[in-house]
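First the structure, in the form of structure tokens, and then the observations on it.
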Amino acid sequence: MSHDTLNYTRCAVIVHGKSEFALVKYIYTNLHLPVKIIAKDKGRGSIQINGLPEYLMKKQFRTLKAFADEFSVEYDRKTKRLINFKLFIIMDTDDCDEITRAKYISKELFDGHPLKDYIVPLYNDTNLEDVMIKSGIMVKRIPDAQKGSYYTKIFPINTKPLSIDTVNQVRIFAKKIDGVKETNMLAFVEYCFQQMPGEELWG
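Structure below.
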């Protein structure tokens with residue numbers, strides 16, 4: 001079940017808040033992949049679609065070289081390109097208008113930014129909680145104050161070695177969100193499996 005340790009980061013994820021932070025950590029610790037989570041105060045602060053253009057003006061995002069250095073991404077000095085890398089962004093869509101939402105999904109929101117070619121916009125309509133209920137992962141809504149502890153309970157960090165069981169945990173999650181039209185988070189799970197030689201998501 002082991003796969004080669006990857007020297008470079010193949011994937012980074014900008015998360016909306018603490019719920020998304022817990023979910024991404026659950027996925028990458030079960031698959032033992034070197035995924036970088038980019039968040040405000042480990043998800044305790046939120047990043048919203050409206051604020052993404054400003055957030056991506058921080059110095060570590062301004063050039064591909066700066067980004068590669070900050071997040072250990074392979075960088076080709078000749079072509080000035082990142083190699084084998086995607087930047088996923090997981091956002092709720094309930095805190096912006098329809099025009100901004102459409103620009104986010106089409107990537108028009110990132111026009112002119114050096115990372116645009118690497119960005120994969122992921123959405124949860126209207127938020128992650130709606131998607132979790134729709135997929136049957138959650139049975140009811142919970143107060144905001146309890147979300148951090150609740151999500152770490154349903155998406156616990158895996159501290160065990162990589163095994164069929166840990167990989168299957170992620171397959172179970174993927175099966176539940178497969179076909180839920182209110183989200184495209186499956187693209188992130190599929191990419192993670194592509195980084196694991198010999199493993200297939202639906203294998």
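Residue numbering for the sequence shown follows UniProt numbering, starting at 1 and increasing by one per position.
Cβ atoms here follow ideal geometry from the backbone N, Cα and C, with glycine treated the same way.
Mapping DSSP to helix, strand and coil, what is residue i?
i                : result
phenylalanine 88 : strand
proline 121      : strand
tyrosine 55      : helix
threonine 166    : helix
alanine 174      : helix
isoleucine 47    : coil
lysine 80        : coil
lysine 40        : strand
By the DSSP assignment, the alpha helix (DSSP H) with residue i in it spans what residues?
i            : result
cysteine 192 : 186 to 194
valine 24    : 18 to 31
glutamate 70 : 64 to 71
Taking only the alpha-carbon atoms, compute the straight-line gap between residue i and residue j and give it to the nearest angstrom.
i             : j              : result
aspartate 130 : asparagine 184 : 13 Å
aspartate 92  : serine 46      : 10 Å
proline 197   : methionine 132 : 29 Å
methionine 1  : proline 34     : With a pLDDT of only 43 at methionine 1, under 50, the local geometry of the prediction cannot be trusted, and the value read off the model is given with reservation. Each residue's alpha carbon lies about 16 Å from the other.
leucine 162   : alanine 145    : 32 Å
threonine 9   : lysine 103     : 27 Å
asparagine 30 : lysine 175     : 16 Å
Once the 5 residues before and after residue i are set aside, which same chain residues still bring their CB inside 6 Å of it?
i                 : result
phenylalanine 88  : Val13, Val120, Leu122, Phe188
phenylalanine 155 : Ala22, Leu23, Tyr26
aspartate 76      : Ile83
Let's see if you can read the secondary structure: which residues bound the beta strand (DSSP E) around residue i?
i          : result
alanine 12 : 11 to 15
Return the chain-ordered list of same chain residues with a C-beta closer than 8 Å to the C-beta of residue i, the five sequence neighbours on each side being excluded.
i          : result
alanine 68 : Glu74, Tyr75, Leu82
So, at 7 Å on beta carbons, what are the nonlocal neighbours of residue i in its own chain, with the 5 sequence-adjacent residues on each side left out?
i             : result
arginine 171  : Leu201
isoleucine 37 : Val13, Val15, Phe21, Val24, Lys25
If we require 3 or more residues per run, which beta strand (DSSP E) segments fall completely within the segment 90 to 163? 119 to 124
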